[in-house]
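Trainee:
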Amino acid sequence: MYYQIFHTLMGDFFALESKGKITILHQNLSLLPPNAKLCTTALLEKCINEVDCYLRGELKEFSLPFALSGSKFEREVYQALLSVRYGKITTYQSLALAINSPHSCRAIGNALAKNPLLLLIPCHRVICKNGKLGGYVLGEEKKRELLELEKNYNLKMSIS
């Protein structure tokens with residue numbers, strides 16, 4: 009397992025690579041396994057570059073190989089969330105229906121709070137059905153910034 013810490017427009021992140029896949033992309037260093045080695049790899053460099061391009065509004069879709077982790081339920085939530093495209097949003101309720109678990113909105117929120125692959129699994133695209141932003145592990149302001157970034161990118165593309 010190898011990792012890199014890098015600075016972005018949204019603060020410092022770290023990426024962890026294991027067996028040729030990104031397994032963690034996060035800001036919380038306590039998620040870093042103690043046996044991980046600080047090292048540069050081609051995949052970590054690609055990850056850093058793609059995150060930078062995404063946060064500058066130059067990339068809509070990541071091409072990084074990554075591994076989903078967590079409980080079966082959490083992996084189902086993450087997998088369903090991958091279908092929510094750049095610039096789009098969904099609700100906790102819609103996500104619950106998508107995984108055939110209509111009464112699991114709170115559990116979905118808990119699963120998203122444990123998402124180890126921020127940005128790659130776009131939990132920032134999930135809002136409350138009443139239109140409120142809902143929670144986000146990096147805080148409501150960062151969630152708003154990410155949604156605005158994606159909205160503005162789509163607007164730029166439609167004008168060009």
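Each residue of the sequence shown is one higher than the one before, counting from 9 in this note's numbering.
All C-beta atoms in this analysis are idealised placements derived from N, C-alpha and C, irrespective of residue type, glycine included.
This one's a predicted model, so the numbers in the text were calculated from it and none came from an experiment.
If you drop the 5 nearest sequence neighbours on each side, which residues of the same chain put their C-beta closer than 6 Å to that of Leu-52?
Mentor: Position 44 of the sequence shown holds residue 52. Cβ neighbours of Leu-52 beyond the five flanking positions: Gln-12, Ala-23 and Glu-25.
Trainee: Go ahead and label Thr-31 buried or exposed: buried means 16 or more other beta carbons lie within 10 angstroms of its beta carbon, across all protein chains shown.
Mentor: On the sequence shown, residue 31 is found 23 positions in, with the first residue counted as 1. Result: buried.
Trainee: Taking C-beta to C-beta, are Thr-98 and Lys-137 nearer than 7 Å?
Mentor: Locating residue 98 in the sequence shown gives position 90, where the first residue counts as 1. Locating residue 137 in the sequence shown gives position 129, where the first residue counts as 1. No.
Trainee: Rounded to a whole number of angstroms, what is the C-alpha to C-alpha distance between Lys-77 and Gln-35?
Mentor: Translated into positions along the sequence shown, residue 77 becomes position 69. Translated into positions along the sequence shown, residue 35 becomes position 27. Sequence inspection shows Ser at residue 77; the Lys mentioned does not correspond to that position. Cα to Cα, Ser-77 sits roughly 17 Å from Gln-35.
Trainee: Rounded C-beta distance between Leu-125 and Phe-74? I'm assuming under 8 Å.
Mentor: The residue labelled residue 125 in the question sits at position 117 within the sequence shown. The residue labelled residue 74 in the question sits at position 66 within the sequence shown. Contact holds; Cβ gap of about 6 Å.
Trainee: Would DSSP call Glu-25 helix, strand or coil?
Mentor: Within the sequence shown, numbered from 1, the residue matching residue 25 stands at position 17. Of the three classes helix, strand and coil, the one that applies to Glu-25 here is strand, per DSSP.
Trainee: Does the separation of the CB atoms of Leu-141 and Glu-148 fall below 7 Å?
Mentor: By one-based count along the sequence shown, residue 141 stands at place 133. By one-based count along the sequence shown, residue 148 stands at place 140. Taking 7 Å as the Cβ cut-off, Leu-141 and Glu-148 qualify as a contacting pair.
Trainee: What did DSSP end up calling Leu-39 once you bin it into helix, strand or coil?
Mentor: Taking the sequence shown and counting its residues from 1, the one referred to as residue 39 is at position 31. Here Leu-39 sits in helix by DSSP.
Trainee: My assumption, with CB atoms under 8 Å, is that Cys-131 sits in contact with Asn-123. Please give the rounded CB distance.
Mentor: By 1-based counting over the sequence shown, the position of residue 131 is 123. By 1-based counting over the sequence shown, the position of residue 123 is 115. Sure, about 5 Å apart at Cβ, within 8 Å.
Trainee: CA-CA distance, Gln-101 and His-111?
Mentor: By 1-based counting over the sequence shown, the position of residue 101 is 93. By 1-based counting over the sequence shown, the position of residue 111 is 103. The straight-line gap from Cα to Cα measures roughly 8 Å.
Trainee: Residues in its own chain within less than 8 Å of Ala-44 by CB, not counting five upstream and five downstream?
Mentor: For the purposes of this step, residue 44 is identified with residue 36 of the sequence shown, where counting begins at 1. Result list for Ala-44: Met-9, Tyr-10, Tyr-11 and Leu-24, in chain order.
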